[in-house]
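Data block below; observations after.
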Amino acid sequence: MIIEPLASRCAKFRFKPLSEEITSSRILHICNEEGLTLDGEALSTLSSISQGDLCRAITYLQGAARLFGSSISSEDLISVSGAIRQEVTEALYEACKSGDFDLANKEVNNIIAEGYPVSQILAQA
37 MIIEPLASRC AKFRFKPLSE EITSSRILHI CNEEGLTLDG EALSTLSSIS
87 QGDLCRAITY LQGAARLFGS SISSEDLISV SGAIRQEVTE ALYEACKSGD
137 FDLANKEVNN IIAEGYPVSQ ILAQA
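This note's numbering puts the first residue of the sequence shown at 37, with every later residue one more than the last.
In structure tokens form, the structure reads like this:
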């Protein structure tokens, strides 16, 4: 958090998220320059989890490269980003749709037990 006296002296810039096309082309350029290879779904996964934020996408790519080497998969990127896997969110959605509170509560507890922050559940919903 930036204190108010300092914040009042700063210019505030708001940027729109970049399109998936722009993000993907820049990520591919970085991968070519750094000798990284992405699997078939990794590029779209990276664009999706970074939500148009190129800095975040590069950070996820860098983390995945350090942890998993030069060949990076979609699962590697999901692991690095802290995003909840799609099948887990789909199971939660189906549990909520069923109207069974106990089942939905069980799914939420499973997500928390796997170490995902509760805020991530809401962010991906």
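Note that CB positions come from ideal geometry on N, CA and C, so glycine has one too. Remember, it's a predicted structure, so these values are computed and weren't measured experimentally.
Within its own chain, the residues whose Cβ lies closer than 6 Å to the Cβ of A119, once the five positions on either side in sequence are excluded, are I85, listed in chain order.
Non-local beta-carbon contacts of G71 in its own chain, meaning distances under 8 Å to residues more than five positions away in sequence, involve S106 in chain order. Per DSSP, the beta bridge partners of I108 are L74.
Straight-line measurement puts the Cα of A101 at about 13 Å from the Cα of S117. Straight across, the Cα-Cα distance linking G135 with F49 is about 43 Å. The Cβ atoms of E143 and A159 lie no closer than 8 Å to each other. Contact check for S110 and E77: beta-carbon distance about 4 Å, within the 8 Å limit, so the pair qualifies.
L54 is not a Cβ neighbour of L82, given a cutoff of 8 Å.
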